[in-house]
Amino acid sequence: ESQESPSSSAASLPLIEGLDRPVDFAADVVPVLENRCVVCHACNDAPCQLLLSSHEGVMRGATKEKVYDSARVVAKDPTRLFVDARGVDAWRAKQFFPVVDPVSAAGSPKASDALLLRMLALGKAHPFAERARLPDSVGLDIDRKLSCAQGDEFEVYAREQPLGGMPYGTAPLRSDELAT
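Count along the sequence shown from 1, then add 3; that gives the number in the working numbering.
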């Protein structure tokens with residue numbers, strides 16, 4: 004199957020096996036975030052404003068709102084981490100949506116539904132060929148159109164952008180990195 008047109012559905016994505024022990028954010032997760040994720044997700048204009056450089060940024064989640072929009076003619080309330088809101092509820096009020104630990108209909112977290120894990124599973128399902136040029140459909144330019152799918156939009160996102168998984172446009176995470 005060509006890398007230009009793989010198909011995906013959330014149901015067919017690979018399962019990401021977790022650790023066989025409790026995960027320690029500082030010891031297990033931070034090294035992966037720092038080595039693989041913050042290159043794109045650490046600055047004010049990170050894709051979907053998802054800042055993965057701190058626990059607070061992970062818990063804040065993502066938004067569809069752009070930080071910079073030259074077509075905007077009126078001021079927009081800023082969304083600076085640690086400044087413009089405190090706590091998950093305050094960020095949800097500012098239209099940020101969760102990327103980890105969604106609550107299932109039964110009221111308990113279902114980790115496999117976490118948007119961040121689903122984006123990683125999409126990347127695992129469609130890895131790029133080693134030492135090969137990225138497909139033309141994988142845009143890396145600064146002005147590319149970004150899609151910030153919320154959890155309930157992921158199925159459509161995966162079908163329409165199967166090469167849009169994480170980490171985007173780079174080598175996939177190793178199994179031990181995915182497990183954390």
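Each residue gets a CB set at the ideal place from its N, CA and C atoms; glycine is no exception.
DSSP three-state call for residue i: helix, strand or coil?
i, result
"F100", "strand"
"A65", "strand"
"G168", "coil"
"D92", "helix"
"F192", "Lying before the first or after the last residue shown, residue 192 is absent from the chain, which here runs from 4 to 183."
"R39", "helix"
"F131", "coil"
"R177", "coil"
"D139", "coil"
"S73", "coil"
"L18", "coil"
"Q52", "helix"
"V26", "coil"
"D80", "coil"
"R147", "coil"
"V32", "helix"
"H44", "coil"
"E7", "Unreliable placement is indicated for E7, whose pLDDT of 47 sits below 50; the coordinate value is still reported in the next sentence. Coil."
"A117", "coil"
"A152", "coil"
First and last residue of the alpha helix (DSSP H) that includes residue i?
i, result
"R162", "F157 to E163"
"A182", "Counting along the chain, A182 falls outside any alpha helix (DSSP H), and DSSP gives it neither H nor E."
Are the Cβ atoms of residue i and residue j separated by less than 7 Å?
i, j, result
"A65", "S56", "no"
"V119", "V91", "In the sequence on display, residue 119 carries Leu and not Val. No. Outside cutoff."
"P17", "A128", "yes"
"A161", "L125", "yes"
"L84", "G60", "yes"
"T82", "K69", "no"
"L149", "P50", "yes"
"R63", "W94", "yes"
"V33", "T183", "no"
"Y71", "D87", "no"
"V141", "L166", "yes"
"K79", "C151", "no"
Can at least three beta-carbon pairs, one atom from the segment 169-183 and one from the segment 37-54, be found at a separation below 8 Å?
-> Contact between the segment 169-183 and the segment 37-54 is present, with at least three C-beta pairs closer than 8 Å.
Would you be able to state if there are at least three C-beta pairs under 8 Å between the segment 16-25 and the segment 150-157?
-> Using a C-beta cut-off of 8 Å, the segment 150-157 makes no contact with the segment 16-25, since fewer than three inter-stretch Cβ pairs fall below that distance.
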